[in-house]
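Those sequence lines, one after another, are chains B and U. Going left to right, the first sequence walks through residues 271 to 667 as this note's numbering numbers them. Going left to right, the second sequence walks through residues 131 to 427 as this note's numbering numbers them. C-beta: ideal position from N, C-alpha, C; glycine also. Every value quoted in this text rests on a predicted model; they were computed, and no experiment measured them. Take a look at the structure set out below.
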Amino acid sequence: MKCKWVFVVLVLALAISACAPKATPTPEPVVEPTAEPVVVVEEPTKEVCTEPLKIAIIGAMTGTNAILGEWMVRGVTLAVEEKNAAGGIKGCPIKLLVYDDTADPTTSVTIAQKVVSEDNVIAAWATTNSSCALADIPIFQAAKIPQMTFGTNVTITQQGSPYIFRSCPAGPAFETPIVDFLVGEGFTKFAIIGDNTAYGKGEAQYQTDALAKHNLTPLAYEQHGADDKDFSGQLTKIINTEPEVLLLASSEVAAGLIAKQARQLGFEGVMAGGQAVSTPKFLENATAEFAEGIYFTSGYPGNDYNDQTKAFAAAYKARWGVEAETHGANVYDLMQVLFIAMENADPLTPDNVATEMHKVCGYQGLQGEMCVAENGETLTTTMMGQWLAGGEFKFLE
Amino acid sequence: MRELSVLIQTIIGGIGIGSLYALVALGTSMIYRSMGLINFAHGSIYMVGTYLGMIWYTGMIKGLELPYSISFILGVLLCAAFGVIIERVFRRLADVDLRNMLLGTIGLGFILDNLMIIIFGAEGFAVDSPLSLKPIIIAGIRVLPQNILLISVASVLLIGLQIFLTKSKIGKAMRASQMDRDIARTMGIHVNMTNAITFAIGFGLAAAAGILAAPIVYVNPAMGSAVGTKGFASAVMGGLGNIPGAILGGILFGIIEAISAGYISSQYTKGISFIIVLVVLMFMPSGILGEKIVDKV
């Protein structure tokens, strides 16, 4: 009798865990193909489609940084749906497979191995954060499958893999302009706070390197765990060193909380950070009141920048009901590069797609002109902005 | 002097977060004391309780935005009622093999975490503070109004709980059941009812902790994991099953964490905090206020 209840609870746990979106593929495709697979007809460029072309998305779909996974899925899905509506790739529709690695490198590697061995994908997004992207590189390199990421750690494209592609500028492109600008404004006392992941450590390193070019060193560098929400200990220590500038090297949620808590603990100096600080999630956690005046850099010039960004923003809003932001824009950009490569690849194999991606140069994306370098970098410049009162922002000249 | 104010500021921050851990540790200790059951799902209960409060405050229920105080009471009561239901499930586990019990509570945690993702989505949200975001400054020490609320409400709840357990008839019955269930039964005490009340209180305290912390942290289905682990460590450090010990353990853990971050190394704060807990247990295996078990020959 007693064992029966134990058995019931265990079975329930297993059943519901099996149904939950944790490190398992969704039972149904995220994107249904809008066209049936077609057989080769007269034109020799048409591909033989016995099944849709598959692209995997591996990223943090749950956990504190689930928003990153959400942004990646939105941008990729929008691009794929538009492409499918236009007839797919050589008449073949594209299907997405979404996996949750919870931002854990071990889980990400397990999923990547499954993707390359079982899913027959033409390309993959892997992943939403630098730690997992780095862990997955050897797997996709060995499988000769293009791997795309918006992780900003510079070492991602220094592993020697011809199959890795970054959808946004690397970390130094975000942090160096901020430091150069603030030093130019006369500030000399900097402190840094960041998380202890590959992303945070990378951003902090780029900030330190940028300071070193001006013969400056940070007065303090404090770290925190990726899931931490209280930073009073670190911030009290930093504030005690009396910095003029606090550089943020954390992801969206933590950076926002840090900005708020820093002001509440009495820090009155300047705050600045990279791409994470430019996002709506940062603003949500910092609140408009405490975000005001904070500088950031972004690869995406904003939804109202030109006709292309306005069209993208309108399509994004219509599809998802929320305003477009930088991560969705940069994955959308790299998807267009991927589509060009897929159209040109003959035969259409992952290896050929990667080769063709490296040939793309001069594509005018939302973030500017994209040129795929030998190491997989696509963009090198960012724009600097600042949060204003009421949650508004502006880009600086 | 400045160094002293920095130290005090650090400790104040630690007490704030420590109050949170104390409420979670208290629930863990009460359930253990009541049923001999270590509830590894308590962090998930903290998360569920937070959502049960926030759905009323943030307009998730048909756009209804209730005042924070009402949302707090509703969240605590709903989570307490949930505790009564879970007690019926755990009642079977309490007497079976320890491994089955652990699996059961771990399984419950997974169920709750994934259920909340299914219902509310994986993406979390920030919560507007019901109080001013500007700190109160006393002699150069800054304290957030929300932290003052957290510490105050936690203190009221803890004092109220102590009075309830020592002065009320039901409280005395609960303490008798916790000491020896069989004898309590023979004395006419409805042990299952006292267990249910214990669960209700434990779950309610976890919800209180989460709802009070919500405007300070970020609400999402993954928020319970770290707090649950730290709450458990706090309960163990204070003396598992000991009510004042849970409170002391929680406050101490928060202070240790803050001082580790501020004075030792922010990079290894978590590791340092748990190493200190281990050191305490090496010298006081039952916890700081735990019952000392003496082997009589």
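1) Pop quiz: B:C438 and B:L658 are said to be a contact at Cβ under 8 Å. What is the actual Cβ separation, rounded to whole angstroms?
2) Expressed to the nearest angstrom, what Euclidean distance is found between the alpha-carbon atoms of B:Y369 and U:S149?
3) Does the beta carbon of U:V257 sit closer than 8 Å to a beta carbon anywhere in chain B?
4) When you compare the segment 490-504 of chain B with the segment 450-459 of chain B, are there three or more beta-carbon pairs, one atom per stretch, that lie closer than 8 Å?
5) Mapping DSSP to helix, strand and coil, what is B:C362?
6) Going by C-alpha to C-alpha distance, which of B:I434, B:V449 and B:L636 sits closest to B:N576?
7) Taking the C-alpha atoms as reference points, what is the distance between B:V607 and B:N573?
8) Kindly indicate which three-state DSSP category B:Q656 falls into: helix, strand or coil?
9) Is there at least one Cβ from chain U nearer than 8 Å to B:V523's Cβ?
10) Sorted by chain position, which residues of the same chain lie with C-beta nearer than 6 Å to U:L238's C-beta, five sequence neighbours on each side aside?
11) For the segment 485-497 of chain B, which residues have a beta carbon sitting closer than 7 Å to at least one beta carbon of chain U?
12) Look up B:H597 in the DSSP assignment and say whether it is helix, strand or coil.
13) Could you give the distance in angstroms between the alpha-carbon of U:S159 and the alpha-carbon of U:I327?
14) Would you mind giving the Cβ-Cβ distance between U:S259 and U:Q276, rounded to the nearest angstrom? I have them listed as a contact below 8 Å.
15) Just the C-alpha distance for B:G591 and U:L378, rounded to the nearest angstrom, thanks.
16) CB-CB under 8 Å to B:K507, same chain, minus the five flanking residues each way: which ones, in chain order?
17) Any beta carbon from chain B within less than 8 Å of U:Q139's own beta carbon?
18) What are the boundary residues of the beta strand (DSSP E) that includes B:L518?
19) What are the residues of the segment 189-207 of chain U that lie near chain B, defined by any Cβ-Cβ distance shorter than 8 Å?
20) If you follow the alpha helix (DSSP H) that B:E340 is in, where does it begin and where does it stop?
21) With DSSP as the reference, identify every bridge partner of B:Y491, one or two as the case may be.
22) Is the Cβ-Cβ distance between B:P447 and B:Y476 less than 8 Å?
23) Does any residue of chain B have a CB that is nearer than 8 Å to the CB of U:I263?
24) Of the choices B:K324, B:L366 and B:F435, whose alpha-carbon is the least far from that of B:N645?
25) Alpha helix (DSSP H) containing U:S149: first to last residue?
26) For B:F566, list the residues DSSP reports as bridge partners.
27) Threshold first: 4 residues or longer. Then list the alpha helix (DSSP H) segments lying entirely within the segment 590-650 of chain B, N to C.
28) Return the chain-ordered list of same chain residues with a C-beta closer than 8 Å to the C-beta of U:L411, the five sequence neighbours on each side being excluded.
29) List the whole-angstrom C-beta distance separating U:R163 from U:Q308, where the pair is believed to meet the contact cut-off of C-beta under 8 Å.
30) Rounded to the nearest angstrom, what separates B:E352 and U:T399 at their Cα positions?
31) With respect to 7 Å, is the separation between the Cβ of B:E562 and the closest non-hydrogen atom of the ligand FMN below this value?
32) If we ignore side chains and look at the alpha-carbon of each, how far apart do U:E387 and B:I392 end up?
33) If you follow the alpha helix (DSSP H) that U:G379 is in, where does it begin and where does it stop?
34) Within 8 Å, do at least three Cβ pairs link the segment 333-348 of chain B to the segment 594-614 of chain B?
35) Entirely within the segment 377-445 of chain B and at least 4 residues each: give me those alpha helix (DSSP H) ranges in chain order.
36) Give me the Cβ distance between B:K360 and B:E626, rounded to the nearest whole Å; I'm assuming they're in contact under 8 Å.
In short:
1) Taking C-beta atoms under 8 Å as the contact rule, B:C438 and B:L658 fail to qualify, at a distance of about 24 Å.
2) When rounded, the distance between both Cα atoms is 37 Å.
3) By this cut-off, U:V257 is not an interface position.
4) Between the segment 490-504 of chain B and the segment 450-459 of chain B there are fewer than three inter-stretch CB-CB distances shorter than 8 Å, so the stretches are not counted as touching.
5) DSSP places B:C362 in strand when its eight states are reduced to three.
6) Measuring from the Cα of B:N576, the nearest candidate turns out to be B:L636.
7) Those two C-alpha atoms are separated by around 20 Å.
8) Looking at B:Q656 - three-state DSSP - the assignment turns out to be strand.
9) Answer yes: the Cβ-Cβ gap between B:V523 and chain U drops below 8 Å somewhere.
10) The beta carbon of U:L238 is closer than 6 Å to those of A171 in its chain, skipping five residues each way along the sequence.
11) Within the segment 485-497 of chain B, the qualifying residues are E492, Q493, H494, G495 and D497.
12) Under the three-state reduction of DSSP, B:H597 is assigned to helix.
13) For U:S159 and U:I327, the distance between alpha carbons rounds to 14 Å.
14) U:Q276 and U:S259 do touch by the CB rule: their CB atoms are close to 5 Å apart, below 8 Å.
15) So the alpha carbons of these two residues sit roughly 47 Å apart.
16) So the qualifying residues of the chain are A490 and E492.
17) Closer than 8 Å to some Cβ of chain B, the Cβ of U:Q139 qualifies, so yes.
18) Residues V515 to A519.
19) When C-beta distances to chain B are compared with 8 Å, every residue of the segment 189-207 of chain U stays at or above that value.
20) Where B:E340 is concerned, the enclosing alpha helix (DSSP H) stretches over A336 to A355.
21) For B:Y491, the pairing in a beta bridge is given by DSSP as B:I462.
22) No, these two residues do not count as a Cβ contact at 8 Å.
23) Just to set this straight, residue 263 of chain U is Leu in the shown sequence, not Ile. Interface residue, yes.
24) Among B:K324, B:L366 and B:F435, the Cα nearest to that of B:N645 is on B:F435.
25) Per DSSP, the unbroken alpha helix (DSSP H) holding U:S149 starts and ends at R132 to M165.
26) Answer by DSSP bridge pairing, in chain order: B:G543 and B:G655.
27) Counting whole runs of 4 or more residues, the segment 590-650 of chain B contains the alpha helix (DSSP H) stretches 596-614 and 620-627.
28) Around U:L411, the same chain offers V366, M367 and G417 as residues with beta carbons nearer than 8 Å, after the five sequence neighbours per side are excluded.
29) That pair is a contact at about 5 Å.
30) So the two alpha carbons sit approximately 47 Å from each other.
31) The model on display carries no ligand, and the ligand FMN is accordingly not part of it.
32) The alpha-carbon atoms of U:E387 and B:I392 are separated by roughly 47 Å.
33) That run of the alpha helix (DSSP H) goes I373 to I389.
34) Taking a contact to require three or more Cβ pairs closer than 8 Å, the segment 594-614 of chain B and the segment 333-348 of chain B qualify as touching.
35) The qualifying runs are 400-413.
36) Not a contact, Cβ separation roughly 13 Å.
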